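Chains as they are written, first to last, in our numbering: chain A, 36 to 502; chain B, 36 to 502.
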């Protein structure tokens, strides 16, 4: 019997209940065991504040700190005070991990059923707690310092490779390197922000011809998981794999919107650029490593014949518990569906446990050349696709590059190249204006409370296109 | 006779002289016509301040503002005050361009020969002016919000393409798209910062073999010009070419250090990542568009047969004056050369006027999909190489990938694949520990004062390599 190197954190004990009744719903995403960090607009004080979500409520952490609930010492100018009175999670990410864990424990104590009452506590329960429907959520980071996007699903890489390089789908480096590239940080937006359809260059119709400039015709989503980073490292000092997870503030859902036609024409030889930089959507709740601790799983089981990771990307803890068992779904609702009062339809369901590389491996690789990672940086996993057809995390894969604009059209009914049928009779090979994409993610376990990520939503808005 | 659409700015009049005598040296980089923005540590106040360089002096702009020299209204809490009392140039970059131009004019008036005297002015001339040798320069931006690296020299792209894709050196998109990719912002450092040799994965010796992890063996520099951005655009709103230059705060020299062996193995299919993210060095002086106004030149003259740029990348002003006629040099001094008191040797000399795409085209393209550019963002040009052998802006090109570690060695005396000979008898195919690379840049014109960029320096430090 091996000892679990990463036992569930005590704050995830399933016995804990909250006086916020909606937190005790077993089907809910946000029990008192979750307590994800977020940022919301406190309408009473007219300012953006650090919060946690519990049940259908948001709790203003700055106000709790002010009332002395979160910090025994009640420092007015310490790092905890600064982090909680900031307009986003950047300073929280810069705290030592132990301080965040201590805060989490005190938040949980305040929110727990049977917590000490008294008039002051009762008043605070009213004043610092908001219904989520009545306030606006903000992005976890006002400005993400750096954004890196990986490519860690071997299923996704193989699918995409098969379409564009049929003879050579998976490149020789894939199973040795957690492939990644720098993404655009400025265009990261929070769930609910409309995504304007980009314009850009389209490849010439024939070789040697002239490209055209116009609206993207092959707009896609990509289902990803992101990690906001904490701590960081000095330039020139790598982060060993064993310490990589100390640099994770928490996880979010990421929609890496992609303009496939722009990408195909621009990406050689230096990688995706404008095909991605028009928008990347993140979910507002940063789910902590502590909340996720019951849902750790082994790293990807490499099939026989696959190479072992190089030593700097290998250790037993990573192999045994480097993964996160998160169920992930993509849902779609067209404008017509919403007009007719229909809910979204599910396009896919997959699991984050199927990634070829773990987040810890991505982090250790990223810093292996001495690159300095900063608190608040976002590292996304790349599209999460599983081996099954309905576990493909992008429309490109679901319709197998079913380009309806190609001559002849690439949509071939009866094959993989089939458009997605919506209940209105509409069909999709790629996204249409007005389409809303909704990502969902959660963890379940027979003996623990469900931990959810909430939703990552975005509606495609028509662009104001110049020619 | 056509009218020059971009006449030299009045602040570049060659008749202007400064009471700082070293500014009047005709061979100097920093006459009163230049006045580049910078950040330095004021040792008296023990803080980082916004400054300008003139002659061999640095002027503390915060102090001048405090004394009422720069702002007639002398607002204590206005945007100019905030920008000048900030610890870097970020807030200055967020000002409307007209405010920066007004500041420049007032700085020039204060520094001009014959400027109003009086006891107060005399005291300020002492207190706010520092010898550049006695203070430390800081990076223009403490934290660059976003960094984008282009690939705008057709000579560089053709050289590199010939080495790695001999049958297909220049890809079909090159003459239509200003190719670029997102770089790593966190590892941008200022001139003088040592650059630690990175470790990383090296390709397997034979196909299907196992890669190794270890110190980079093929470390290179890349000579580039960068633009720090001002203003910016809203997400979803492109910047038309005609307005692109309003978004330039000023230009710097950039050394885009490159680990060629890491790059070769990692860069497919998503572009360079760890091969670049260990360090990027910028020069400390941000040379303004006004100072550079006498040195505008036409865009690259596309040879017959090359396609015209698409309409969003074309206008007469760009064609006639979109370029900058900046002479650029790379110099190298090994540790042994420095020990023996030898100065650096020149490796190359080229000109920024030979770029296939102008900075305005890069900017307009970057924002053409609605990507939001932010004040303080850095856009680099890509390696500046000319058509002549001695105008190649990287060692890779100078020694034609003269990989001494290849089997058989790729150094072939008598061909392009010749190592660089140093006066100590040392030879270089790529950079050795202790090597110092110095980039220099300046503009000259018969009827205007020389405008220089100063130097962009970096010494290669041995890495502390794990295996």
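We put the beta carbon where it would ideally sit given N, CA and C, even for glycine.
Remember, predicted model here, so these are calculated numbers, not experimental data.
If residue i and residue j are in contact, beta carbons under 8 Å, what's the gap, nearest whole angstrom?
{"i": "residue 269 of chain A", "j": "residue 369 of chain A", "result": "That pair is no contact at about 49 Å."}
{"i": "residue 420 of chain B", "j": "residue 191 of chain B", "result": "4 Å"}
{"i": "residue 258 of chain B", "j": "residue 365 of chain B", "result": "5 Å"}
{"i": "residue 248 of chain A", "j": "residue 215 of chain A", "result": "Wrong, their Cβ atoms sit about 29 Å apart, outside the cutoff."}
{"i": "residue 379 of chain B", "j": "residue 473 of chain B", "result": "6 Å"}
{"i": "residue 431 of chain A", "j": "residue 195 of chain A", "result": "7 Å"}
{"i": "residue 218 of chain B", "j": "residue 182 of chain B", "result": "4 Å"}
{"i": "residue 484 of chain B", "j": "residue 68 of chain B", "result": "5 Å"}
{"i": "residue 329 of chain B", "j": "residue 47 of chain B", "result": "5 Å"}
{"i": "residue 477 of chain B", "j": "residue 285 of chain B", "result": "At roughly 15 Å, the Cβ-Cβ gap does not stay under 8 Å, so residue 477 of chain B and residue 285 of chain B are not in contact."}
Just curious, the beta strand (DSSP E) that residue i is in, first and last residue?
{"i": "residue 247 of chain B", "result": "247 to 250"}
{"i": "residue 364 of chain A", "result": "362 to 368"}
{"i": "residue 477 of chain B", "result": "471 to 480"}
{"i": "residue 73 of chain A", "result": "72 to 77"}
{"i": "residue 490 of chain A", "result": "483 to 496"}
{"i": "residue 413 of chain B", "result": "413 to 415"}
{"i": "residue 290 of chain B", "result": "283 to 290"}
{"i": "residue 384 of chain B", "result": "380 to 386"}
{"i": "residue 176 of chain A", "result": "Neither: residue 176 of chain A is in no beta strand (DSSP E) and is coded neither H nor E."}
{"i": "residue 83 of chain A", "result": "82 to 89"}
Applying the 10 Å Cβ sphere with the 16-neighbour rule, what's the burial state of residue i?
{"i": "residue 376 of chain A", "result": "exposed"}
{"i": "residue 128 of chain B", "result": "buried"}
{"i": "residue 308 of chain B", "result": "buried"}
{"i": "residue 36 of chain B", "result": "Any reading at residue 36 of chain B must be qualified, since the residue scores a pLDDT of 46, below 50, and its modelled position is unreliable; the value itself is stated next. Looking at its Cβ environment, which holds fewer than 16 other Cβ atoms inside 10 Å, residue 36 of chain B is exposed."}
{"i": "residue 440 of chain A", "result": "Note that residue 440 of chain A has pLDDT 49, beneath the 50 cutoff, so the model's placement of it is unreliable and the number below is only indicative. Residue 440 of chain A should be labelled exposed."}
{"i": "residue 203 of chain B", "result": "exposed"}
{"i": "residue 233 of chain B", "result": "buried"}
{"i": "residue 298 of chain B", "result": "buried"}
{"i": "residue 199 of chain B", "result": "exposed"}
{"i": "residue 487 of chain A", "result": "buried"}
{"i": "residue 424 of chain A", "result": "exposed"}
{"i": "residue 482 of chain B", "result": "exposed"}
{"i": "residue 400 of chain A", "result": "buried"}
{"i": "residue 502 of chain B", "result": "Confidence at residue 502 of chain B is low in this model, with a pLDDT of 44, below 50, so the placement of that residue should be treated as unreliable; the coordinate-derived value is given next. Residue 502 of chain B is exposed by the Cβ-count criterion."}
{"i": "residue 45 of chain B", "result": "exposed"}
Which residues in chain B sit within 8 Å of residue i, going by Cβ to Cβ distance?
{"i": "residue 138 of chain A", "result": "The premise fails here: residue 138 of chain A is roughly 25 Å from chain B at the closest Cβ pair, so nothing lies under 8 Å."}
{"i": "residue 220 of chain A", "result": "180, 181, 220"}
{"i": "residue 320 of chain A", "result": "Going along chain B, no residue has its Cβ under 8 Å from residue 320 of chain A, so there is no contact; the nearest lies around 22 Å."}
{"i": "residue 231 of chain A", "result": "270, 271, 405"}
{"i": "residue 256 of chain A", "result": "In chain order: nothing, as chain B lies at least about 16 Å away."}
{"i": "residue 215 of chain A", "result": "305, 308"}
{"i": "residue 297 of chain A", "result": "404"}
What residue does the alpha helix (DSSP H) around residue i start on, and which one ends it?
{"i": "residue 253 of chain A", "result": "Per DSSP, residue 253 of chain A belongs to no alpha helix (DSSP H) and is neither H nor E."}
{"i": "residue 189 of chain A", "result": "189 to 199"}
{"i": "residue 145 of chain B", "result": "132 to 146"}
{"i": "residue 232 of chain A", "result": "Taken as a continuous stretch (DSSP letters only), residue 232 of chain A belongs to no alpha helix (DSSP H), as it is neither H nor E."}
{"i": "residue 158 of chain A", "result": "153 to 162"}
{"i": "residue 397 of chain B", "result": "394 to 401"}
{"i": "residue 115 of chain B", "result": "114 to 119"}
{"i": "residue 99 of chain B", "result": "96 to 101"}
{"i": "residue 326 of chain A", "result": "324 to 327"}
Whose Cβ in chain B lies nearer than 7 Å to the Cβ of residue i?
{"i": "residue 300 of chain A", "result": "208"}
{"i": "residue 234 of chain A", "result": "403, 404"}
{"i": "residue 465 of chain A", "result": "Those within 7 Å of residue 465 of chain A in chain B number zero; the least Cβ separation is about 16 Å."}
I want to verify the contact list: residues of chain A whose CB lies under 9 Å from the CB of residue i, in sequence order.
{"i": "residue 410 of chain B", "result": "Those do not exist, as residue 410 of chain B stays about 11 Å from chain A at its closest Cβ, beyond 9 Å."}
Can you name the residues of chain A whose CB is closer than 8 Å to the CB of residue i?
{"i": "residue 303 of chain B", "result": "206, 208"}
{"i": "residue 190 of chain B", "result": "Simply none; closest approach about 16 Å."}
Going along chain B in order, which residues have a C-beta closer than 9 Å to the C-beta of residue i?
{"i": "residue 480 of chain A", "result": "Those do not exist, as residue 480 of chain A stays about 34 Å from chain B at its closest Cβ, beyond 9 Å."}
{"i": "residue 186 of chain A", "result": "304, 305"}
What does residue i reach in chain A if we use C-beta pairs closer than 7 Å?
{"i": "residue 342 of chain B", "result": "245"}
{"i": "residue 212 of chain B", "result": "236, 301"}
{"i": "residue 197 of chain B", "result": "Under the 7 Å cutoff, chain A gives no residues; its nearest Cβ is about 13 Å from residue 197 of chain B."}
{"i": "residue 313 of chain B", "result": "404, 405, 406"}
{"i": "residue 124 of chain B", "result": "Per Cβ cutoff of 7 Å: no residues; residue 124 of chain B is ~17 Å from chain A at best."}
Output, in sequence order along the chain, the residues in the region 84 to 103 of chain B whose CB is closer than 9 Å to any CB in chain A. none
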